[in-house]
Amino acid sequence: MSDAEESDTAEEPAEDTAVEHAVVLDHLPYGRPDDDRPQHQKPEIAYAVGEEQFDLFELTLVDGADVSIGDRIVVAPDADRDLVDRYREIDHGDLSRGAEQELDYVIEEIVDRHPQRFLDYFNDAQPLTLRLHQLNVLPGIGDKLRDDILESRKRQGPFESFEDLEERISGLHDAKGVVVERIIEELTEDVKYRAFVGDE
Numbered sequence: 049m050s051d052a053e054e055s056d057t058a059e060e061p062a063e064d065t066a067v068e069h070a071v072v073l074d075h076l077p078y079g080r081p082d083d084d085r086p087q088h089q090k091p092e093i094a095y096a097v098g099e100e101q102f103d104l105f106e107l108t109l110v111d112g113a114d115v116s117i118g119d120r121i122v123v124a125p126d127a128d129r130d131l132v133d134r135y136r137e138i139d140h141g142d143l144s145r146g147a148e149q150e151l152d153y154v155i156e157e158i159v160d161r162h163p164q165r166f167l168d169y170f171n172d173a174q175p176l177t178l179r180l181h182q183l184n185v186l187p188g189i190g191d192k193l194r195d196d197i198l199e200s201r202k203r204q205g206p207f208e209s210f211e212d213l214e215e216r217i218s219g220l221h222d223a224k225g226v227v228v229e230r231i232i233e234e235l236t237e238d239v240k241y242r243a244f245v246g247d248e
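Final position of the sequence shown in our numbering is 248; the numbers increase by one with none missing.
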């Protein structure tokens, strides 16, 4: 992912391109503090995290955009955007302090909004290598918990909810928290395997 990648127009979206949403982490109505241009030339911006692959964005907003932290807004395709003039992908280190502080909460909200997607990771996880399983990249899941999850999956079928997962797997007390923690790790650290964050 390039922090210099900027888009006024997306790469010719296909006819059926799904709408990409992002959730606002911070809103800077007077522009970036490090922007030395006169105030009237500084665009209103926001920082946001994408719902699908957790890409981090700096959004340049249209004039008069009514945006608040936690708002879910469209970033792509261009034809569906009404609040965003243009955007660029950034790295975690480029976020404002306010955006960084909101990141955990917003990611937890995204996981809450799309629980099945993350349950499917537990239901579908397979070996990555002869020695490493996809489940083992999740924080706190060692060989015993991994084997318990695989055995329960085999005997009782897919997990229906995070609560079902926690009830069936003794020792796994906060499955959603494990997912959130892993997403944060993938955004902030150089990890070899990515489970949830887009690898572009």
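Think of the CB as a built atom: it goes at the ideal place given N, C-alpha and C, for glycine as much as any other residue.
- For residue 186, there is no enclosing alpha helix (DSSP H), as DSSP gives it neither H nor E.
- The beta carbon of residue 217 sits closer than 7 Å to those of 193, 196, 197, 200, all from its chain and outside the five residues before and after it, given in chain order.
- Separation of residue 100 and residue 206 (C-alpha to C-alpha, rounded to the nearest whole angstrom) is 22 Å.
- Excluding residues up to 5 positions away in sequence, 223, 224 lie with their Cβ nearer than 6 Å to the Cβ of residue 210 in the same chain.
- Setting aside the 5 residues that flank it on each side, residue 118 has no residue in the same chain whose C-beta is closer than 6 Å to its C-beta.
- Per the C-alpha coordinates, the member of 121, 156, 82, 226 positioned closest to residue 109 is 121.
- If you draw a straight line from the Cα of residue 139 to the Cα of residue 233, it comes to about 13 Å.
- Per DSSP, reduced to three states, the secondary structure at residue 86 is coil, with no helix or strand assignment.
- In the three-state reduction of the DSSP assignment, residue 195 falls in the helix class.
- Beta-bridge partners of residue 96 (DSSP): 72, 105.
- Residue environment analysis places residue 130 among the exposed positions, since fewer than 16 neighbouring C-beta atoms fall within 10 angstroms of its C-beta.
- In the structure shown, residue 201 adopts helical secondary structure according to DSSP, grouped into three states.
- Close CB contacts of residue 70 within its chain, under the 7 Å cut and outside five residues either way in sequence, are with 96, 97, 98, 99, 105, 121, 123 (chain order).
- Our two residues, residue 226 and residue 167, have alpha carbons roughly 12 Å apart in a direct line.
- Partner residues in the beta bridge of residue 175, as assigned by DSSP, are 181.
- For the 8 Å CB-CB criterion, residue 235 and residue 228 do not form a contact.
- Residue pairing by DSSP places residue 122 opposite 69 in a beta bridge.
- By the Cβ rule, the region 70-86 counts as touching the region 146-155, because three or more pairs are nearer than 8 Å.
- In its chain, beyond the 5 residues on either side, 73, 74, 95, 104, 151 have a beta carbon closer than 8 Å to the beta carbon of residue 143.
- The alpha-carbon of residue 220 is positioned some 6 Å away from that of residue 214.
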